[in-house]
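Quick note on numbering: the sequence shown equals residues 259 to 1049 in my numbering.
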Amino acid sequence: MSGKKSPQGGLTRRGFLKTTGAVGALGLAGAVGMTTAEGWLAPAEATEVSEERVAYTYHQTHCRGNCTLKCTVRDGRLCLIEPNEAAEAGFRKLCVKGLSEIQHVYSTERVQTPMKRVGERGSGEFISITWEEAMEIFAENIKRIWAEHGKDAVIAWTPGENSQEVAELRNMLSCTAGNWNGIDIGYANGLYPLYGGSGSAANGVTMGGNEITDLVNTKTLLVVGSNFVESGLPHCSSFFDAQDAGMYSVMFDPIFTPSAGKCDEWVPMESGTDPALFLGLISCVLDGGWIDEDFIRQHTTFPFLVSMADGSLYRKGEGDTYGVIGEDGALHAFDEAGLTASLEGEIEIDGVKYQTAFSQLKANAVKYDAAWASEVTGIPADKIAEVAKRYATNGPAVIDVGYGGGDRFQNADIAGHAAGILAAITGNFGLPGTGVGTIFNGGYDIGNLLGSWPLPADMKTKKLGFPTWDLPYRENNIKAFITWGDLQQRFPALDTAMEWLKTLDFIVAADVYHISCMDYADLVLPIASRFECDEEIGGVRTARKHVAMRQKVLDPLFESKTDFAAQYEIAKALGLEDVLPKTAEERAEYQLANTKSARIKGITLDDLKKNNGVVSYNDFGEEKHTFSDFNFGSSTGRLEVYYEKMLEFGQALPVWEPPHQVYEEGGKYPLRFLQVKTRYHIHDQFCDAEWIRQFYETNLEMNPADMEARGLETGDEVEIFNDWGSFGCKALANESVRPGTVKIYQGEWTKYMSFGNLQNVTNPAVTERGKALANGPVILSNDVLVEVKKA
Ligand SMILES: Nc1nc2c(c(=O)[nH]1)N[C@H]1C(S)=C(S)[C@@H](COP(=O)(O)OP(=O)(O)OC[C@H]3O[C@@H](n4cnc5c(=O)[nH]c(N)nc54)[C@H](O)[C@@H]3O)O[C@H]1N2
Ligand SMILES: Nc1nc2c(c(=O)[nH]1)N[C@H]1C(S)=C(S)[C@@H](COP(=O)(O)OP(=O)(O)OC[C@H]3O[C@@H](n4cnc5c(=O)[nH]c(N)nc54)[C@H](O)[C@@H]3O)O[C@H]1N2
Ligand code: SF4
Ligand SMILES: [Mo]
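Written out as structure tokens, the structure reads:
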């Protein structure tokens, strides 16, 4: 190493101890020039014979892409990334984030060696150690904590992007695992009860939408808080196909986004008011009489009788024999053959008055008229009425909701419930071109269809029993945190969370890059990227109708180990290695052979090897039309629009409730703080990808009027603050941000802020109703008010 630059500019900047010498001792000498980004990126010297080979790997799942990439390696260096030509047409994709890996894999922010903390927690001062030393430290601490406090005193967390790679880790450690993670579940909380509680959070298709390619059959598309051009990049071509086929689209967003620019209309609105928008639309549809009566009668529980005394549904005898009013005005069982149930009406049974759920909806709707909705949302009343008419009378129609906008408010479930009802009363379910859900973000099934490697029965996690982000505020027995990714993404009011983290006995952080929370760790483990592997096959994945395989493109860089190998080292250190497969290839073979899904049954590793590492699902050509049999998965088979379980919260039918951070005129913190997805990142990933980073800066984007009122100009350093904390960055004037709202790209690393982290000001509250919802409470990261001043 001597004579070369310090291995990592990034390390020095953070105050890492210089590791020159130690690095040589770790066996990097053979790779000399290649331990620096400059070394890796130096123009290849012209030699007479250059060795070139091609290998395939998969990329991201969290962007919904699961693209399989063709990688060319020349003289040991990754030099070209192309779409894999063996993938089906339409799935041969590659975006700039994929392309940038040629540089990003060799980023100065790579964690190169295991490291041990030498400074204060949070200071980011480390020294390099060997894997052997790292595993000694790991085993010593974990065994001590196990002995003194029990296995559940250890919590381990793996984020979306790598949870499949270290699938056995948490069970193997019999540790505590968070069961409520509060992300991407807000609208789903309101939609699932409609289908009797069935469905999975990460999947827009089961939220009640058809597969994304079906959009071409849609005549009207309402998009509510979804920036699909950036956040659904791999699927957004379906939007343009639909537009070419004549679809009309309306975007509701407080910000003029790239997606708003592609829609036929952008309707700006106040954030946190999605339920009011849907309630207003429902009211207009009812008022206009633009409902699908037959659909409501046959496929929803709107004709069911509701007690006017206590709101319970009428049941005859045991079970679910709900009552309806027949044409004869008398009580009938809802499922009586040949019956035409009344949508509206009242009846007295045994001295109790009952009303149909539909009559109740209509009664409620009176107070939620367009004028009311306009007051709350800031959308002109006639626009709400116009959109309602278009949606109801120019179908088939789709409602696409984001995961990131209104989803992150305490009233998101109410919005989901109301969106479902809007689709139900207009019959926009079950047919081509219809649906409601995260249509772009859940465009295809992104769920993991693979079988799981079996561990002994006593190896299983213990559920935390309360939201993970509530740990800093609750009594708990956690003594060690193993984080396989960045905690900054999962802990609102991050500063407070990190203060709690500092009180623990032992903190381990494993990642490919030097993510923000690593500075708090006692022990850091360097993980190899998906381009690197120590065996020929590194794993398989399923998403977006493809099984994809990871081949070795490069040997693990620096001293990094693959997720699989790092997990194995941990098992070995604790004497548990016998429960794991010996190689990643063995695991991949098992996972394929033991799938429970007919969609990939029979696909083998050999098939993948023969086909450049990619095989499409068995049902590839078949488009998925959710509920095409009009069986909605509930016990009655209907859309169960009336939520009896929510009676105690007054939400059997959707009732307006403001966001948690009540927006008051002249309040202490007047600005709504939104964090959005960006084409430049995938969460905290690619922040350090220089080929992308050159195109943007970390700015707080504000409406010029709000800047002027605070004496701010573009480029000024500002402090963004509220009662939870503060952070700093530059301000940028942007007229496309609604006045009273400020916006920033979420996921940004602390090192790119002038101080603090944007997560310091997000809302850590846990709402009461949240605990009663299907997926638990939501992290209120957009349900946040701040003030901004010159720093
Ligand atoms: N304030 C605020 N916070 C948010 C959001 C918001 O809008 N506002 N959005 C939320 C949302 S929607 C989500 S889904 C979460 C996402 O948050 P995460 O689940 O944390 O994000 P991921 O992108 O899945 O995981 C990224 C981590 O995996 C690492 N990584 C990538 N590839 C590999 C690999 O092969 N092996 C290993 N070991 N690591 C790898 C990356 O370096 C990175 O640290 O963030 C949430 N946090
Ligand atoms: N490039 C890229 N793609 C991604 C990701 C990524 O990090 N990068 N992350 C993936 C993941 S895990 C997720 S969850 C999805 C999220 O995908 P999206 O849901 O599209 O994400 P956001 O950008 O957070 O929010 C969308 C829009 O909601 C608006 N908004 C904010 N508050 C409100 C509100 O109260 N009402 C309404 N109507 N609109 C509001 C914002 O201005 C924003 O334009 O993206 C996925 N795709
Ligand atoms: S970031 Fe997503 S869309 Fe881009 S290449 Fe990777 S997997 Fe594909
Ligand atoms: Mo997400």
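We treat Cβ as the ideally placed atom computed from N, Cα and C, and that holds for glycine.
Predicted model only: the values in this text are computed from it and were never measured.
(message) Could you check whether the Cβ of Lys935 sits closer than 7 Å to any heavy atom belonging to ligand 5?
(response) This structure lacks ligand 5; its bound ligands are ligand 1, ligand 2, ligand 3 and ligand 4.
(request) Answer yes or no: the CB of Arg802 versus the heavy atoms of ligand 1, is any distance below 7 Å? (result) No - ligand 1 has no heavy atom lying nearer than 7 Å to the Cβ of Arg802.
(request) Look at the Cβ atom of Val631, then the Cβ atom of Ala534, and state whether they are nearer than 8 Å. (result) Note that residue 631 corresponds to Ala in the displayed sequence, not to Val. In contact: Ala631 and Ala534 (Cβ atoms closer than 8 Å).
(request) Quick one: residues in its chain with C-beta nearer than 6 Å to the C-beta of Ser600, no 5 flanking neighbours on either side, listed in chain order? (result) Excluding five sequence positions before and after Ser600, the CB atoms of its chain that fall closer than 6 Å to its own CB belong to Ile583, given in chain order.
(message) Just checking Ile1037 against ligand 4 - is the residue's beta carbon closer than 7 Å to any of the ligand's heavy atoms?
(response) The answer is no for Ile1037.
(request) With DSSP as the reference, label His493 as helix, strand or coil. (result) DSSP, read as helix, strand or coil, puts His493 in helix.
(message) If I follow the unbroken beta strand (DSSP E) through Glu606, where does it start and stop?
(response) Taken as a continuous stretch (DSSP letters only), the beta strand (DSSP E) holding Glu606 covers 604-607.
(request) Could you pull out every residue in the same chain whose Cβ sits closer than 6 Å to the Cβ of Gly380, ignoring the five residues on either side in sequence? (result) So the list reads Asp777, Tyr778, once near-sequence residues are dropped.
(request) Sort Thr416, Val798, Asn439 by Cα distance to Asn429 and report the nearest one. (result) In terms of Cα proximity to Asn429, the closest of Thr416, Val798, Asn439 is Thr416.
(request) Using the DSSP secondary-structure output, state which residues sit across from Val873 in a beta bridge. (result) According to DSSP, Val873 bridges with Val805.
(message) Which of the three DSSP states is assigned to Lys988 in this structure?
(response) Lys988 falls in the strand class under three-state DSSP.
(message) Could you check whether Pro451 and Ala1032 sit closer than 8 Å to each other, using their CB atoms as the reference points?
(response) A contact, by the Cβ cut-off of 8 Å.
(message) Please tell me whether Gly678 and Gly483 are closer than 8 Å, where the distance is taken between their beta carbons.
(response) Not a contact, by the Cβ cut-off of 8 Å.
(request) Starting from the Cα of Leu834, find the closest Cα among Arg335, Ser421, Ala347, Glu426 and give me that residue. (result) Selected option, being the one with the closest Cα: Glu426.
(request) Please report the Cβ distance between Leu352 and Leu327, rounded to the nearest whole angstrom; I am assuming they are in contact, meaning their Cβ atoms lie under 8 Å. (result) Contact flag correct, Cβ pair sits at about 7 Å.
(message) Is Tyr661 close to ligand 4? I mean its beta-carbon at under 7 Å from any heavy atom of the ligand.
(response) True, at least one ligand heavy atom lies under 7 Å from that Cβ.
(request) Please confirm whether Val805 and Val873 have their CB atoms less than 8 Å apart. (result) Taking the C-beta atoms as reference points, Val873 is found nearer than 8 Å to Val805.
(request) Determine contact between the region 787-797 and the region 839-850, defined as no fewer than three beta-carbon pairs at a distance below 8 Å. (result) Taking a contact to require three or more Cβ pairs closer than 8 Å, the region 787-797 and the region 839-850 qualify as touching.
(message) Cutting at 8 Å between CB atoms, please list the residues of its own chain near Lys1048, excluding the five before and the five after it.
(response) Answer for Lys1048: Arg968, Gly969, Leu970, Asp974, Glu975, Val976, Glu977, listed in chain order.
(request) Rounded to whole angstroms, what's the CA-CA distance from Glu390 to Ser489? Just pull it up for me. (result) Distance between the alpha carbons of Glu390 and Ser489: 41 Å.
(message) Taking 7 Å as the cut-off, is the C-beta of Val582 nearer than that to any heavy atom in ligand 1?
(response) Because no heavy atom of ligand 1 lies under 7 Å away, the Cβ of Val582 does not count as near it: no.
(message) Do Gly448 and Asp671 count as a contact pair if the criterion is CB distance below 8 Å?
(response) In this structure, Gly448 lies closer than 8 Å to Asp671 by Cβ.
(message) I need the DSSP call for Met505, collapsed to helix, strand or coil.
(response) Coil.
(request) Compute the Euclidean distance between the alpha carbons of Asp1041 and Gly1014, then round it to the nearest angstrom. (result) Between the C-alpha atoms of Asp1041 and Gly1014 there is a straight-line separation of about 20 Å.
(request) Identify, in the order they occur along the chain, each residue of the same chain with its Cβ nearer than 6 Å to the Cβ of Phe486, setting aside the five sequence neighbours on each side. (result) Cys494, Ser517, Phe698.
(request) Measure the C-alpha to C-alpha separation of Arg951 and Val363 and round it to an integer number of angstroms. (result) Computed Cα separation, rounded: 14 Å.
(request) State the Cα-Cα distance for the pair Gln909 and Glu585, rounded to the nearest angstrom. (result) Computed Cα separation, rounded: 29 Å.
(request) Indicate the three-state DSSP secondary structure (helix, strand or coil) for Leu815 in the structure shown. (result) Leu815 falls in the coil class under three-state DSSP.
(message) Any heavy atom of ligand 3 inside 7 Å of the beta-carbon of Gly224?
(response) What the structure shows of the chain is the stretch from 259 to 1049, and residue 224 is not part of that stretch, so it cannot be assessed.
(message) I need the boundaries of the beta strand (DSSP E) containing Pro341, first residue and last residue.
(response) Where Pro341 is concerned, the enclosing beta strand (DSSP E) starts and stops at 335-341.
(message) Taking DSSP's pairing of strands, which residues face Tyr771 in a bridge?
(response) Within the DSSP bridge table, the entry for Tyr771 names Arg368 as partners.
(request) Tell whether a beta-carbon distance below 8 Å holds between Thr1020 and Arg930. (result) Contact: no.
(message) Could you check whether the Cβ of Leu601 sits closer than 7 Å to any heavy atom belonging to ligand 2?
(response) Leu601 has its Cβ no nearer than 7 Å to any heavy atom of ligand 2.
(message) Once the 5 residues before and after Gly377 are set aside, which same chain residues still bring their CB inside 6 Å of it?
(response) Residues of the same chain with a CB within less than 6 Å of the CB of Gly377, apart from the 5 flanking positions on each side, are Glu383 in chain order.
(message) DSSP has Gly581 in a bridge; who is on the other side?
(response) For Gly581, which the question treats as bridged, DSSP gives the partners Ala591.
(request) Specify the secondary structure class of Lys1048 as computed by DSSP and reduced to three states. (result) DSSP places Lys1048 within a strand segment (E or B) once states are collapsed to three.
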